[in-house]
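Peer 1:
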Amino acid sequence: MASSQSPSKGHQNVFSRFFQRLKGSKNVRHQDKQNDASQAQATIEQQTADAIAAQVKAPPINNKQHKVKLSPFSPPNLLNDNHNGSSYHFLQDFSRARCKMFFPTSGRMGFDKIKTSTEFPPIETVREMITYETSIRLSEPIQELMDFYHNDEASLSHVLDLIQQHVVEHFGYHDVNALRTAFHRFPDDPVVKSAYYEKRFRNKSYILFLLLTHALFRSHAPNGLCFLVIYIVEAHAHDEWPMGKIISRVDQPITLEQRLVNARECQKDCKFEMPMLVDSMNNTFHLTYGSWPFRFYIIHNGILVLKAEPDNDTFSYHIDELNQWIDNYYQSYRPIA
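Residues 9 to 345, numbered by our numbering, are exactly what the sequence shown covers, in order.
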């Protein structure tokens, strides 16, 4: 009996050591992924800091008004309280030169996140923050960095967050919402309005299904599913809110003819196979179907049954959500043999 139990215990020990090594291997792989993610984030932070420092030095801020330590790249003091003088007109011209600012107002966050802040700088400081943020974001080093990460939405968002965090800290504050609450606090101020990037009306407008393969379209279309794409307003038009030269290649159309040209060029360049419609210049579809950065919907029997929603933190989408719904639909309506 004893001899028959020895191999069993031995096998148990072998299996135990095997599973311990396997568990340890999984832990190592998980740790490696965490290390890679941390390294990637540190790289982006360093690249952004270098890009900010590389821009042309701007005039210093008003020390009497802002009792903060000047950095090597201080924002220009372009504004005064009564909005008179050449400095204000300069900012008006500057705002027309693509200075729209990003605020995370789309998706599940709504407007709640940009209505609260632990710090409330005066309007004079907010205006200078806006000017400084704009000068950094439109600088060549930052635009080149956006080109480098043009396929990585999370990295692009991180770069923008780092820029705005730098801006508020430069002015002696800590909460990034000290800047992002500008429109909520001062909705009628002309400087704030001119710089505010109304993301709720400037959603991602390139092709809604571009990230889906043509194979998905080809495989499902013969089974009775109708795919339709609506071309809407440009999210990052070159003349409004550029994100590098790769993403922001066209200006915002001001006529239907221009929008049609953009849509046709997109069809041609992307070899796009799905039927495509173009939204009216009143943006009827755009305003009717909500304000998500990317949008795809499923309408079944005249009822909206699926509306994609972005992640709470990254604002990105799980594109396989569409494919999963289609698979579930096929299973639910499969004829019983």
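Virtual Cβ for every residue (Gly too), placed ideally from N, Cα, C.
#1: When you compare only the Cα positions, how much space is there between glutamate 148 and aspartate 335?
#2: On the DSSP bridge assignment, give the partners of tyrosine 239 in chain order.
#3: Looking only at its chain, what residues have a beta carbon closer than 6 Å to the beta carbon of aspartate 259, apart from the 5 residues adjacent to it on each side?
#4: Tell me the residue span of the beta strand (DSSP E) that contains lysine 315.
#5: Isoleucine 311 and tryptophan 333: beta carbons closer than 8 Å?
#6: Taking C-beta to C-beta, are methionine 282 and methionine 154 nearer than 8 Å?
#7: Which residue comes first and which comes last in the beta strand (DSSP E) that contains histidine 308?
#8: Counting C-beta neighbours from all protein chains within 10 Å, is the total for tyrosine 338 16 or more, i.e. buried, or is it exposed?
#9: Excluding sequence positions up to five away, which residues of its chain have a Cβ less than 8 Å from the Cβ of aspartate 183?
#10: Just how far apart, CA to CA, sit aspartate 328 and arginine 135?
#11: Going by other Cβ atoms of all chains shown within 10 Å of its Cβ, with 16 needed for buried, is valine 200 buried or exposed?
#12: Tell me whether the beta-carbon of isoleucine 255 lies closer than 8 Å to the beta-carbon of histidine 294.
#13: Going by DSSP in three states, threonine 296 sits in which element: helix, strand or coil?
#14: In chain order, which alpha helix (DSSP H) runs of at least 4 residues are fully inside the region 252-277?
#15: First and last residue of the alpha helix (DSSP H) that includes asparagine 159?
#16: Taking the alpha helix (DSSP H) that histidine 192 falls in, what are its first and last residues?
#17: For threonine 139, does the three-state DSSP call read helix, strand or coil?
#18: Look up alanine 57 in the DSSP assignment and say whether it is helix, strand or coil.
#19: Considering tryptophan 5, what are the terminal residues of the alpha helix (DSSP H) in which it resides?
#20: Taking the alpha carbon of asparagine 291 as the reference point, which residue from Gln63, Ile262, Ala57, Ala186 has its own alpha carbon closest?
#21: Ordered along the chain, which non-local residues of its own chain (more than five positions away) have a Cβ less than 6 Å from that of isoleucine 52?
#22: Taking the straight line between their C-alpha atoms, what separation do you get for tyrosine 315 and isoleucine 238?
#23: Using the beta-carbon count (16 or more within 10 Å), is alanine 45 buried or exposed?
#24: To the nearest angstrom, report how far apart threonine 139 and isoleucine 131 are at their CA atoms.
#25: Take the Cβ of proline 129 as the centre, count every other Cβ of all protein chains shown within 10 Å, and call the residue buried at 16 or more, exposed below.
Peer 2: For this structure:
#1: Translated into positions along the sequence shown, residue 148 becomes position 140. Translated into positions along the sequence shown, residue 335 becomes position 327. Straight-line Cα distance between these residues: approximately 46 Å.
#2: In the sequence shown, the residue the question calls residue 239 occupies position 231. Per DSSP, Val286.
#3: As a position in the sequence shown, residue 259 is number 251, starting the count at 1. These residues qualify, in order along the chain: Ala245, His246, Asp247.
#4: As a first step, residue 315 must be located in the sequence shown, where it is residue number 307. It spans 311-315 - the beta strand (DSSP E) in which lysine 315 sits, taken as one unbroken run.
#5: Translated into positions along the sequence shown, residue 311 becomes position 303. Translated into positions along the sequence shown, residue 333 becomes position 325. Going by C-beta atoms, isoleucine 311 is not nearer than 8 Å to tryptophan 333.
#6: Locating residue 282 in the sequence shown gives position 274, counting from the first residue. Locating residue 154 in the sequence shown gives position 146, counting from the first residue. No.
#7: Here the question's residue 308 lines up with position 300 in the sequence shown. Per DSSP, histidine 308 belongs to the beta strand (DSSP E) from 305-308.
#8: Taking the first residue of the sequence shown as 1, we reach residue 338 at position 330. When all chains shown are included, tyrosine 338 counts as exposed.
#9: For the purposes of this step, residue 183 is identified with residue 175 of the sequence shown, where counting begins at 1. Within the same chain, aspartate 183 has close Cβ partners Ser125, Thr126, Glu127, Val176.
#10: On the sequence shown, position 320 is the one that residue 328 refers to. On the sequence shown, position 127 is the one that residue 135 refers to. Those two C-alpha atoms are separated by around 42 Å.
#11: Residue mapping note: residue 200 aligns to position 192 of the sequence shown, counting from 1. So valine 200 counts as buried.
#12: The residue you call residue 255 lines up with position 247 of the sequence shown. The residue you call residue 294 lines up with position 286 of the sequence shown. Taking 8 Å as the Cβ cut-off, isoleucine 255 and histidine 294 do not qualify as a contacting pair.
#13: For the purposes of this step, residue 296 is identified with residue 288 of the sequence shown, where counting begins at 1. Here threonine 296 sits in helix by DSSP.
#14: 252-255
#15: In the sequence shown, the residue the question calls residue 159 occupies position 151. Counting along the chain, asparagine 159 falls outside any alpha helix (DSSP H), and DSSP gives it neither H nor E.
#16: If you number the sequence shown from 1, residue 192 lands on position 184. Element bounds for histidine 192: 190-193.
#17: Looking up residue 139 in the sequence shown gives position 131. The answer is helix: DSSP assigns threonine 139 an H, G or I state.
#18: Taking the first residue of the sequence shown as position 1, residue 57 is located at position 49. It is helical.
#19: Given that the chain is displayed from residue 9 to residue 345, the structure contains no residue 5 and the question cannot be resolved.
#20: Residue 291 sits at position 283 when you count from the first residue of the sequence shown. The candidate whose alpha carbon is nearest that of asparagine 291 is Ile262.
#21: Here residue 52 refers to the residue found at position 44 when the sequence shown is read from its first residue. These residues qualify, in order along the chain: Ser163, His166.
#22: To locate residue 315, count along the sequence shown from 1; it is residue 307. To locate residue 238, count along the sequence shown from 1; it is residue 230. The sequence as given places lysine at residue 315; tyrosine does not occur at that position. Answer to the nearest angstrom: the Cα atoms are 15 Å apart.
#23: Start at 1 with the first residue of the sequence shown, and residue 45 comes out as number 37. The residue is exposed, with fewer than 16 neighbouring Cβ atoms inside 10 Å.
#24: Position 131 of the sequence shown, counted from the start, is the residue given in the question as residue 139. Position 123 of the sequence shown, counted from the start, is the residue given in the question as residue 131. Their Cα atoms are separated by approximately 12 Å.
#25: Against the sequence shown, residue 129 aligns to sequence position 121. Proline 129 is buried by the Cβ-count criterion.
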